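Have a look at the structure below before the remarks.
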Amino acid sequence: MYQLDYQRYAKPLAIALLIAFLAMVSVRIVKAGTVQVITRFGKVTGRLLRPGAHFLIPIAEGTIVYNTKKVTYEASSEPGRSRATYTDIPVDTTTNDGQQIEINYTVRFSVDPLKAGWVANNIGTEIDVVEKIVKTDTRIHARNIAREFDAADLYTGNISEVQKAIEDRLRPIFEDNGLFLDEFGIRSILFTPEYISAIEAKQIEKERVITEENISKQEEFRKQA
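Its first residue numbered 0, the sequence shown is counted upward by one per residue in numbering that gives the first Met the number 0.
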């Protein structure tokens with residue numbers, strides 16, 4: 000009876016499996032809307048992989064992935080309901096005249112693929128980018144720039160000026176750190192219940208005075224008729 004000699008085939012089979020494994024791990028697929036920066040033994044090489052299939056040196060080389068698609072960071076009072084890529088709590092600050100406010104905003108940005116190697120070397124992963132640049136700088140400047148405005152100017156809903164001031168401050172910072180700032184948008188500015196009540200009381204009083212003035216004018220007109 001014929002008996003298969005397993006030992007004879009064990010070594011070639013092991014070699015074949017090793018070659019297949021190395022070939023498999025050496026192929027890196029870069030998805031559309033991303034780039035990958037190659038690292039060799041943990042050091043950034045500067046070589047950039049664009050969407051498609053690429054070969055890496057097994058074990059020695061790895062990659063850091065960055066989105067080149069639009070990424071959103073949102074500071075919201077309801078972060079659990081947000082569909083943004085990264086969420087956070089709103090910014091608390093005070094206006095120029097000392098009123099407490101809460102700013103909810105959204106930032107849309109992306110990594111400049113031509114600067115991805117620099118980003119990998121100087122900042123880190125995409126999460127590092129969000130924490131060190133997007134989160135830190137947007138919250139600092141949203142808080143500080145809002146302090147330059149009076150509460151009444153912000154309460155009326157005319158927030159385009161403060162929004163533009165923040166965006167203009169952020170754009171060069173993002174550019175210096177390898178990012179495209181697509182948009183900074185204020186979603187809402189919330190005031191304390193006490194301030195809202197005070198504003199409503201003033202509005203009611205203003206309308207009462209106007210009404211009384213109109214009644215007085217009508218009475219004067221009747222007397223002259």
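From the three backbone atoms N, C-alpha and C, an ideal C-beta is built for every residue, glycine too.
The model shown is predicted, which means the values in this text are computed figures rather than measured ones.
- Beta-bridge pairing by DSSP links residue 103 to 187.
- Here DSSP, grouped into helix, strand and coil, assigns residue 39 to strand.
- Between residue 84 and residue 71, the CB-CB gap stays under 7 Å.
- For residue 77, DSSP records no beta bridge to any residue.
- Here residue 91 carries a strand assignment [DSSP, helix/strand/coil].
- Within the same chain, Cβ atoms closer than 6 Å to the Cβ of residue 189 are found at 101, the five residues on either side in sequence being excluded.
- The Cβ neighbour count for residue 52, taken over all protein chains shown within 10 Å, is under 16; the residue is labelled exposed.
- Pairing residue 187 with residue 90, the inter-Cα distance amounts to about 11 Å.
- According to DSSP, residue pairing for residue 148 in a beta bridge does not occur.
- For residue 59, there is no enclosing beta strand (DSSP E), as DSSP marks it with neither H nor E.
- Taking all protein chains in view, the Cβ of residue 183 is crowded by 16 or more other Cβ atoms within 10 Å, so the residue is classified as buried.
- Looking at the DSSP output, residue 109 sits in a beta bridge with 179.
- Using a C-beta cut-off of 8 Å, the stretch 134 to 146 makes no contact with the stretch 114 to 124, since fewer than three inter-stretch Cβ pairs fall below that distance.
- Within its own chain, the residues whose Cβ lies closer than 6 Å to the Cβ of residue 98, once the five positions on either side in sequence are excluded, are 150 and 194, listed in chain order.
- Closest in alpha carbon position to residue 141, among 73, 192 and 120, is 73.
- The Cβ atoms of residue 176 and residue 132 lie closer than 7 Å to each other.
- In the structure shown, the three-state DSSP call for residue 66 is strand.
- Bounds of the beta strand (DSSP E) holding residue 51 are 51 to 54.
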